[in-house]
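My numbering applies: residue 1 is where the sequence shown begins, and numbers increase by one.
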Amino acid sequence: MTRKKIVILGTGGTIAGTAAHASDNLGYTAAQVGIDQLVAGLPTVAGQACEWISEQVAQIDSKDMDFGVWRVLAQRVDHWLTQPDVQGIVITHGTDTLEETAWFLQTVLEPDRPVVLTCAMRPATALAPDGPQNMLDAVAVASHGGAHGVVAVCAGVIHSARDVQKVHTYRLDAFSSADAGPIGYVEEGSLRLMRDWPRDSVDKAPSAIKNIADLPDPASWPRVEIVMSHAGAGAGGVRALVADGVQGLVVAGTGNGTLHHALEAALLQAQASGVRVVRATRCLEGRVLPKHGDVIPHSQGLSPVKARVALMLALMDAA
Ligand code: ASP
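Take a look at the structure:
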């Protein structure tokens, strides 16, 4: 089967942002330009065999990402992946929560073809916008025969959904894969791969989600919140969340997942009362390594925001 189509789904972000002045890379409004217009602005690439299809799934600043958009996005990706002539999917997305969307899609879809999130740090109206090149690079990855799974492409770097993290507030190369390193690079439309496309034992779709079309109403998704350990941390925040009916808590611990004693006591109490608690680290690199006697389970290397997604899906399974 020759796969002939690349589907480009728009969700908003800075890549679709506009500012009053070309020199303004900060005072812009995200999510203004439609995906058709973004795609129309791309040059046709000599030798590009695939047809591009674009679809607007959402138009938001990704700081405001919510479960409703995730559900529709997962369903549209799933829909397109059931078409045998679709080679791969590109999703334009804001940078702020890109890593969370990437992890959510990887976990619920485990796609056998490439699903490539891309973004921009400068709005579409900038003097030198980075979005068009990022989109072209993402199309190159989505067109790559051997690629599979959800990945992110930004500034010529290909990151796995599991490892990608936004690490810079302003630089065009705003993402890192930390210890794992990138999957590879896109150079003038060609891929230079540094490692295999990821197959990760933790990337297991929740068994509750048999059919993406039947993803439950977001209002019923389990409530999981993130708390952080820090100097002077106390019990009040956790107690308030438990009283408010939280079902899961991810704690961004210090160092190797260590916790201020007052916060730890509150978390242990929450755990004893039936709230699921998971320990991640606020360190950008490394993972929480388990040690004998740990009572609060670690996040299996997931950052706090991805551990939150994983716990939410696990709770959906347990429901
Ligand atoms: N706030 C924007 C967003 O996440 C930032 C960006 O896209 O770079 O949508």
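Each residue gets a CB set at the ideal place from its N, CA and C atoms; glycine is no exception.
Around the ligand ASP, Cβ to any heavy atom closer than 5 Å, ordered along the chain: Every residue passing the under-5 Å Cβ criterion appears here: G13, T14, A30, D61, S62, K63, G94, T95 and D96.
Along the beta strand (DSSP E) that carries R195, what are the first and last residues, could you check? Note, R195: premise wrong, no beta strand (DSSP E); not H, not E.
Selection from V246, R223, H298 and G232 that minimises the alpha carbon distance to A252: Minimum Cα distance to A252 is reached at H298.
Name the DSSP beta bridge partners of V224, please? DSSP output for V224 lists G248 as bridge partner(s).
How close, in whole Å, do the beta carbons of L38 and A74 come, if the pair is a contact with beta carbons under 8 Å? With a contact defined as Cβ atoms closer than 8 Å, L38 and A74 miss out at about 22 Å.
When the Cα atoms are used, what is the spatial distance from D275 to V242? A quick correction: the sequence has Val, not Asp, at residue 275. So the alpha carbons of these two residues sit roughly 8 Å apart.
What separation, rounded to the nearest whole angstrom, lies between the Cα atoms of V33 and A124? Roughly 8 Å between the two C-alpha positions.
Beta-carbon proximity check, W103 vs A31, cutoff 8 Å: Not closer than 8 Å, so no.
Are the beta-carbon atoms of A152 and F175 separated by less than 8 Å? Their beta carbons are under 8 Å apart, which means A152 touches F175 by this criterion.
By how many angstroms is the C-alpha of M194 removed from the C-alpha of A270? Looking at the two C-alpha atoms, the distance is approximately 43 Å.
With distance defined between alpha-carbon atoms, name the residue in D173, S143, A142 and I226 nearest to C154. Nearest neighbour of C154 by Cα position, chosen from D173, S143, A142 and I226, turns out to be D173.
Below 7 Å CB to CB, which residues in the same chain sit around L268 once its five sequence neighbours on both sides are set aside? Once the five neighbours on either side are set aside, the close Cβ partners of L268 are V295.
Decide if Q83 is buried, meaning its Cβ has at least 16 other Cβ atoms within 10 Å, or exposed. It is exposed - the Cβ of Q83 has fewer than 16 other Cβ atoms within 10 Å.
Own chain partners of P218 with C-beta closer than 8 Å, once the 5 adjacent residues on each side are dropped: Taking C-beta separations shorter than 8 Å and ignoring five residues to either side along the sequence, the partners of P218 in its chain run D66, F67, G68, W70 and R71, following chain order.
Which one of L302, D85 and A128 has the shortest CA to CA distance from D163? Checked all of L302, D85 and A128; the closest Cα to D163 is L302.
To which residues of the same chain is V186 closer than 6 Å at the C-beta, ignoring the five residues directly before and after it? Closer than 6 Å at Cβ, skipping near neighbours: D137, A140 and G156.
Assuming contact is defined by CB atoms lying nearer than 8 Å, are P132 and L42 in contact in what I supplied? For the 8 Å CB-CB criterion, P132 and L42 form a contact.
Alpha carbon to alpha carbon, how far is G181 from D78? Give it in angstroms, no decimals. Spanning the alpha carbons of D78 and G181 requires a straight line of approximately 28 Å.
Quick one: what's H230 bridged to in DSSP? Per DSSP, none; premise fails for H230.
V305 and E110 - do their beta-carbons sit closer together than 8 Å? No, the Cβ-Cβ distance between E110 and V305 is not below 8 Å.
Taking the beta strand (DSSP E) that G88 falls in, what are its first and last residues? First-last of the beta strand (DSSP E) with G88: V86 to T92.
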